[in-house]
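K.L.:
This is the structure:
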């Protein structure tokens, strides 16, 4: 499958995004960079809702909060690498309290669990983590726990639900332009591979920092919403295709 988007176009848009977020309007926190996708010719009610994960070469959210539901061996490893952990006794103290489990699910972005405990989790916690979409990733004693943490932090998920738009973190504004371009190209091409008609299902592509403005990645001007008119605007068609939105 041939990509319909060029790395040079992605680089131009990301370069403007980084300039805006790091020089023109710097914030007091590290902004996340999100890839936003609009789909077309898809019916979420009738068509199969796709789901897929891909590991990016550069960690998009290094401050992602993780916790391992651990046996004794993994507790020792977690202490060494500074990873939050909960033992079986800690889980039992929650006493299947829905409010406490919901609070736990909100506290962390993702969970891991020792293989020896994975089957006990539904009995200890009920369906709370599953409902939050955060059922733990199993970890064996032969796995390198630090590498497993890096893998989870590097992995993004595309999942079609009821609306024809998706958004996923592909980096942050402290990353280099090269790192962002690599992550963005991989994420786009992976998503397109999940679509039933590939690029024919792509209506629009944007990148956006947390507090910044959306940047077009694809100049599909006929398919995109018309940008608001500005008294001071006199851009060329190419500039409009990658303009701040």
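In our numbering, the protein residues as written are 2 to 246. Each residue gets a CB set at the ideal place from its N, CA and C atoms; glycine is no exception.
Can you have a look at residue 8 and say buried or exposed, based on whether 16 or more other CB atoms are within 10 angstroms of its CB?
P.N.:
Residue numbering aside, residue 8 sits at position 7 when the chain shown is read from its first letter. Per the 10 Å Cβ criterion, exposed.
K.L.:
Could you tell me whether the region 179-192 touches the region 109-127, using the rule of 3 or more Cβ pairs below 8 Å?
P.N.:
In short, these stretches do not touch, since the Cβ pair count stays below three.
K.L.:
My assumption, with CB atoms under 8 Å, is that residue 35 sits in contact with residue 209. Please give the rounded CB distance.
P.N.:
Here residue 35 is taken as the residue at index 34 of the chain shown, counted from 1. Here residue 209 is taken as the residue at index 208 of the chain shown, counted from 1. Confirmed, Cβ separation roughly 5 Å.
K.L.:
Could you give the distance in angstroms between the alpha-carbon of residue 12 and the alpha-carbon of residue 66?
P.N.:
For the purposes of this step, residue 12 is taken as the residue at position 11 of the chain shown. For the purposes of this step, residue 66 is taken as the residue at position 65 of the chain shown. Computed Cα separation, rounded: 29 Å.
K.L.:
Would you mind working out which of 146, 187, 170, 175 sits nearest residue 19, comparing C-alpha positions?
P.N.:
As a position in the chain shown, residue 19 is number 18, starting the count at 1. Among 146, 187, 170, 175, the Cα nearest to that of residue 19 is on 175.
K.L.:
Ignoring anything shorter than 4 residues, give me the alpha helix (DSSP H) runs that lie fully in the region 32-89, in order along the chain.
P.N.:
If we require 4 residues or more, the alpha helix (DSSP H) runs fully inside the region 32-89 come out as 73-82.
K.L.:
Is the number of C-beta pairs between the region 146-166 and the region 181-198 that are closer than 8 Å three or more?
P.N.:
Yes, the region 146-166 touches the region 181-198.
K.L.:
Within 10 angstroms of the Cβ of residue 166, are there 16 or more other Cβ atoms? Answer buried if so, exposed if not.
P.N.:
As a first step, residue 166 must be located in the chain shown, where it is residue number 165. With fewer than 16 other Cβ atoms within 10 Å, it is exposed.
K.L.:
Touching or not, the region 90-104 and the region 116-134, by the rule of three or more beta carbon pairs under 8 Å?
P.N.:
Judged by Cβ distances under 8 Å, the region 90-104 makes contact with the region 116-134, as three or more pairs qualify.
K.L.:
Please determine, among 150, 204, 206, the residue with the shortest C-alpha to C-alpha distance to residue 60.
P.N.:
Within the chain shown, the letter at position 59 stands for residue 60. Out of 150, 204, 206, 150 has the C-alpha closest to the C-alpha of residue 60.
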